[in-house]
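The structure appears below as structure tokens.
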Amino acid sequence: MAVIGTHRPTKALIDEGAIAHNVRGEVQRLDDHTELFAVIKADAYGHGLLRVARVAAAAGARGFCVAILDEALALRAAGFTQPILVLGVVSPEYAALAATNHVAVPLVDADWLTAAQPYLDAQHPLAVHVALDTGMGRIGFREVTTLQRVLATVEQTAGIQVNGVFTHFATADDPDTSYFQQQVVRFQELMQAFRVRPRYVHVSNTATSLWHAACNGNMVRFGVGIYGLNPSGRAIDTTPYPLQPAMSVVSALVQCKQIHAGDAISYGATYRAAGDEWIGTVPMGYADGWPRRMQGFHVLVDGQECPIVGRVCMDQFMVRLPRAYAAGTKVTLVGRDGEAVITLQDVADYAGTIHYEIACGIGARVPRITVNAVN
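Residues 65 to 439 in this note's numbering are what the sequence shown lists, from first letter to last.
Below, the structure written as structure tokens:
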């Protein structure tokens, strides 16, 4: 059972107004024939599945994309009736479960179709989106002839209907568009296998829709942009409209003490004081998604950058303070404090990863607290 830490000061603040702003901004850029599906997999990138579904739908999202069938079923159980597409491969044995809950799943190869046939029901047809592997190397068809053969089989099979076709671009967030263009050409070649275009034709993730909108088809899978994060990191520093970060992470000092020259901090004694120093303890650690490798980074206390000293522990880490502060003093790990700001991108840069991973990695025991609520 996941225990949420409501009795400690560490929390993730989720700005619903920012989420609504980011979704509305993209919806307003789309033409009248293109729908936005909100990608809310992985607990909405750590922001809360049901919260983001509610806010995104109110802001103009027409459907949802998730990664696994269980996420789709959670949305249905919560009363969401919008179209839902599972982006990951669903085991064929769950075809009937998906169909009865009106959840679309990917059709990825001939073997999947063969394995799913015993579970298909003409009374409750399964909607599938045909996955095309144009260069991502993940899931989907790569050959036109194979795709033609499978589509012909689908036409003769009761209980299944093609409702969409999609691919995923590997480098839509790269200033170098050469590989992106190769994938566009490959997608066009594979589309020749379709005698009739499906209801949904979608190739655009956030990066594609922001910077290659001509490829949008009639549906956009808008993901990381919902949360106010630039999908390119820092590679492309401008977006068509300003994205507003939706997640802040805050805590508070639980103790402040003075140490002296030569005193060591944390496991391995990797940090030793150069002189008299004030050290504050923050109740968050790598079990909460604050990586152990953040030693040497900083947090904000009283609007000032305070370095993380010693190794990050499972549940706590220590920072060097400019002076003594009382227990309960606010600590900002991600967000703004006065004029100073730490972004998820800053954290990711230091950790040698991407902001997606940091956001998704904030653990379940860190409570998500709504700010700037949208009704």
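Think of the CB as a built atom: it goes at the ideal place given N, C-alpha and C, for glycine as much as any other residue.
Asked	Found
Helix, strand or coil at His188 [DSSP, three-state]	coil
Residues of its chain near Ile418, where Cβ-Cβ distance is below 7 Å and the 5 sequence neighbours each way are ignored	Gly297, Ala412
With 16 other Cβ atoms within 10 Å as the buried cut-off, status of Pro295	buried
Buried versus exposed, by CB contacts within 10 Å (16 or more), Ile68	exposed
Own chain, CB closer than 7 Å to Tyr183, minus 5 neighbours either side, in chain order	Pro156, Glu157, Ala159, Ala160
Contacts around Val103, its chain only, beta-carbon distance under 6 Å, and the 5 residues preceding and following it disregarded	Cys129, Arg285, Gly287
Cβ neighbours of Ile127 in the same chain (closer than 6 Å, five flanking residues each side left out)	Strictly speaking, residue 127 in this sequence is Gly, with Ile absent from that position. Only Phe101, Gln146, Pro147 meet the Cβ criterion.
Supposed close pair Ile132, His111 - CB separation, criterion 8 Å	Not confirmed; about 17 Å, so no contact.
Contacting residues, own chain, Cβ-Cβ under 7 Å from Arg72 (five flanking each side not counted)	Pro347
Candidates Glu135, Glu80, Ala180, Arg429: closest to Asn165 by CA position	Glu135
Local Cβ density within 10 Å of Asn86, reported as buried at 16 or more and exposed below that	buried
Any beta strand (DSSP E) of 3 or more consecutive residues that is wholly inside the stretch 374–425	381–385, 394–401, 404–406
Assigned exposure category for Ser315 - 16 Cβ within 10 Å defines buried	buried
7 Å Cβ cutoff, Phe128 in contact with chain B	Among the chains of the structure shown, chain B does not appear; only one protein chain is present.
Local conformation of Leu133 per DSSP, three classes	helix
Member of Ala76, Leu137, His97 whose CA lies at the smallest distance from the CA of Lys105	Leu137
8 Å contact criterion, which Asp352 and Val430 should meet: CB distance rounded	5 Å
Close-in-space but distant-in-sequence residues of the same chain around Asn227 (CB under 7 Å, 5 per side omitted)	Ala168, Ala191, Val192, His193, Pro262, Arg263, Tyr264
Continuous alpha helix (DSSP H) stretch holding Tyr350: start and end	Taken as a continuous stretch (DSSP letters only), Tyr350 belongs to no alpha helix (DSSP H), as it is neither H nor E.
Straight-line Cα distance separating Ser273 from Ala388	49 Å
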